[in-house]
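See structure below.
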Amino acid sequence: MRAVQITEFGGPEVLKVSDVEEPTAGEGQVLISVDRAGINYADTHQVENSYLSKAELPLIPGGEVVGRTADGRRVVALVGSGGYAEKAVAHAPYVFDVPEGVSDGEALALVLQGTTAWHLLKTSTHFKAGESVLVHAGAGGVGSLAIQLAKLWGAGRVIATASSDDKRKQTLELGADAAIDGGPEGLKDRILEANGGKPVDIVLEMVGGPVFDESFAALGRFGRLVTFGAASRQSANAIEPGRLMKGSKTIAGFWLADCFKNPALLGDPLAELFELAGAGKLRPIVGGDYAMSDVATAHEDLRARRTVGKLVLDPAH
Numbered sequence: 001m002r003a004v005q006i007t008e009f010g011g012p013e014v015l016k017v018s019d020v021e022e023p024t025a026g027e028g029q030v031l032i033s034v035d036r037a038g039i040n041y042a043d044t045h046q047v048e049n050s051y052l053s054k055a056e057l058p059l060i061p062g063g064e065v066v067g068r069t070a071d072g073r074r075v076v077a078l079v080g081s082g083g084y085a086e087k088a089v090a091h092a093p094y095v096f097d098v099p100e101g102v103s104d105g106e107a108l109a110l111v112l113q114g115t116t117a118w119h120l121l122k123t124s125t126h127f128k129a130g131e132s133v134l135v136h137a138g139a140g141g142v143g144s145l146a147i148q149l150a151k152l153w154g155a156g157r158v159i160a161t162a163s164s165d166d167k168r169k170q171t172l173e174l175g176a177d178a179a180i181d182g183g184p185e186g187l188k189d190r191i192l193e194a195n196g197g198k199p200v201d202i203v204l205e206m207v208g209g210p211v212f213d214e215s216f217a218a219l220g221r222f223g224r225l226v227t228f229g230a231a232s233r234q235s236a237n238a239i240e241p242g243r244l245m246k247g248s249k250t251i252a253g254f255w256l257a258d259c260f261k262n263p264a265l266l267g268d269p270l271a272e273l274f275e276l277a278g279a280g281k282l283r284p285i286v287g288g289d290y291a292m293s294d295v296a297t298a299h300e301d302l303r304a305r306r307t308v309g310k311l312v313l314d315p316a317h
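Residues 1 to 317 in my numbering are what the sequence shown lists, from first letter to last.
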C-alpha cells in the first residue's frame with residue numbers, strides 16, 4: 001500500500017511516499033481503510049523527533065484517521081502513528097462511529113483538536129461562565145474550536161491571537177470578542193488592552209518561549225494558564241514559586257495522550273462535540289485537503305503558519 005514513511009528525522013523534506021507492507025489487525029484491533037488522515041502540528045515535532053514521546057525509525061506519521069472498517073462502519077480513530085497511509089490499525093476502544101451530518105474533515109478536527117479544546121477548558125483550567133479566556137493561535141485547529149466552546153459555555157470575554165489580519169478576522173467570525181497580534185513584543189499590553197485594561201482569567205498557550213512569559217504576566221488573580229504545545233520551539237523563562245503565590249496563579253500542562261489509558265476521557269467529550277456539531281452549534285474549520293503526494297507542502301504550510309483550522313491528507317492521491 002502507499003504510505004508516507006520517513007527513514008531519517010528532519011524537516012518536511014524527509015517525508016516521502018513509499019510502498020509499504022499493509023498492516024494487519026491483531027486481537028482487539030480494527031483495520032481501517034483510510035479516506036482521510038489528520039495532519040497536526042505535533043506531527044512536525046514527531047518527524048524531527050522533538051515530540052514528548054520519542055519516535056523510532058522507520059516511521060509512518062499520523063495520529064488519527066477517518067474511514068471504513070471491514071464491516072462497513074464509518075469511523076474516526078486515534079492510531080498514535082501510521083495514519084498517513086491507505087490503511088491503518090487502531091485499538092478498538094479508540095475507534096468511534098461518525099454520525100451522519102459530520103464530514104470526514106470535521107470528524108478528524110473533533111477527535112483530536114476538539115477533545116483537546118474540551119479538556120483545556122473543562123479539565124485543565126476548570127473554566128467557569130463569566131470568565132475571560134485568551135486563546136493563542138485562535139485560527140488553528142484547537143484554537144478555532146476553543147473560541148467557540150468558550151462562547152457556548154458562557155465566557156465573559158474571549159480574546160484570540162493570530163498572526164495575520166485575515167486570521168484575526170476569522171477568529172472574530174467564530175465568536176471572539178477581540179483579536180490581537182500574537183507576536184511576543186508588547187503582547188502583555190495588547191492582552192490587557194483587549195480585556196478592558198484587566199488581566200485575564202484563563203490562557204490557553206501553545207507557543208512557548210516569550211509568548212508564554214508575556215501571557216503569564218497578563219494573568220489575573222486566581223488565573224490559570226495551561227500549556228499544551230511549544231510551536232515556537234523556544235523555552236520559556238523559569239517561574240519562581242513566589243510568582244505563583246502572588247496572585248494565587250496556576251500553571252497546568254495538558255497532553256491528550258494522557259487520556260489514552262481511559263477511553264471515556266476521549267469518547268465522552270467526543271460524543272458531546274459530535275452532538276454540538278450536528279446541531280450546527282459548533283463549526284469545525286477544515287483548512288486544507290492535501291494529496292498524499294503533497295505531504296511535505298502541508299508540513300511546510302503548517303510550520304509557516306499559512307494554514308487555518310484542521311488539515312487533512314488524502315491517501316488516494
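We put the CB at the ideal spot given by N, CA and C, even for glycine. As the structure is a prediction and not an experimental result, all values here were calculated from the model.
Status (buried if at least 16 other CB within 10 Å, exposed otherwise) for residue i
i           : result
residue 165 : exposed
residue 293 : exposed
residue 201 : buried
residue 254 : buried
residue 106 : buried
residue 205 : buried
residue 115 : buried
residue 247 : exposed
residue 128 : exposed
residue 221 : exposed
residue 241 : exposed
residue 70  : exposed
residue 90  : buried
residue 214 : buried
residue 83  : buried
residue 119 : buried
residue 268 : exposed
residue 317 : exposed
residue 284 : buried
residue 310 : buried
residue 52  : exposed
residue 43  : buried
For residue i, the three-state DSSP class (helix, strand or coil)
i           : result
residue 177 : coil
residue 215 : helix
residue 106 : helix
residue 240 : coil
residue 64  : strand
residue 47  : helix
residue 69  : strand
residue 132 : strand
residue 270 : helix
residue 111 : helix
residue 255 : coil
residue 125 : coil
residue 278 : helix
residue 116 : helix
residue 207 : coil
residue 264 : helix
residue 284 : coil
residue 297 : helix
residue 23  : coil
residue 100 : coil
Beta-bridge pairing of residue i - partner residues as DSSP gives them
i           : result
residue 290 : 313
residue 250 : 224
residue 6   : 59
residue 38  : 312
residue 30  : 90
residue 302 : Paired residues: none, contrary to the question.
residue 18  : 3
residue 85  : 3
residue 77  : 65 and 95
Rounded distance between the beta-carbons of residue j and residue i, thought under 8 Å
i           : j           : result
residue 138 : residue 160 : 3 Å
residue 38  : residue 112 : 6 Å
residue 98  : residue 68  : Not really, about 10 Å apart at Cβ, beyond 8 Å.
residue 175 : residue 199 : Incorrect: roughly 22 Å between the Cβ atoms, too far for contact.
residue 150 : residue 172 : Not a contact, Cβ separation roughly 14 Å.
residue 208 : residue 235 : 7 Å
residue 307 : residue 314 : Not quite, the Cβ-Cβ distance comes to about 16 Å (not below 8 Å), so this is no contact.
residue 152 : residue 281 : 6 Å
residue 218 : residue 244 : Not quite, the Cβ-Cβ distance comes to about 15 Å (not below 8 Å), so this is no contact.
residue 132 : residue 162 : Not confirmed; about 18 Å, so no contact.
residue 4   : residue 17  : 6 Å
residue 134 : residue 117 : So it is not a contact: roughly 14 Å between Cβ atoms.
residue 277 : residue 110 : 6 Å
residue 348 : residue 295 : Here the chain covers residues 1 to 317 and nothing more, so residue 348 does not appear.
residue 252 : residue 124 : 5 Å
**Item:** 3 or more residues per run - each beta strand (DSSP E) lying fully within the segment 137–204
**Value:** 157–162 and 178–181
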